[in-house]
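Encoded as structure tokens, the structure appears first; notes follow it.
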Amino acid sequence: ALFTNIYYLIIDKKSMVGLTTLAWLNIRCREIFLVQASYPFSGLNIILASDFY
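At position 26 of the sequence shown the residue is numbered 205 (my numbering), and the sequence of numbers has no breaks.
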């Protein structure tokens, strides 16, 4: 009930987040949002923001 109206996951400083952390976030999102657990990040829209090199 606490996370029912969450649609976006905003990650600032993408250069500080590696693939391992993104995989961990994917797993945690699937555990929290069980309704759409078959989708990556449970269907959340992921916004990565930073200076891309």
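The beta-carbon is built from N, C-alpha and C at its ideal position, and this holds for glycine as well.
From what residue to what residue does the beta strand (DSSP E) around N224 run? The residue you call residue 224 lines up with position 45 of the sequence shown. That run of the beta strand (DSSP E) goes 224-228.
What are the boundary residues of the alpha helix (DSSP H) that I206 is part of? Locating residue 206 in the sequence shown gives position 27, where the first residue counts as 1. That run of the alpha helix (DSSP H) goes 198-211.
Which word fits S221, buried or exposed, when buried means at least 16 other C-beta atoms lie within 10 angstroms of its C-beta? Here residue 221 is taken as the residue at index 42 of the sequence shown, counted from 1. It is buried - the Cβ of S221 has at least 16 other Cβ atoms within 10 Å.
Who are I189's beta bridge partners in DSSP? In the sequence shown, the residue the question calls residue 189 occupies position 10. Bridge partners of I189: I226.
Might you give, ordered along the chain, the residues of its own chain that have their beta carbon closer than 8 Å to the beta carbon of Y186, omitting 5 neighbours on each side? Looking up residue 186 in the sequence shown gives position 7. Once the five neighbours on either side are set aside, the close Cβ partners of Y186 are L223, N224.
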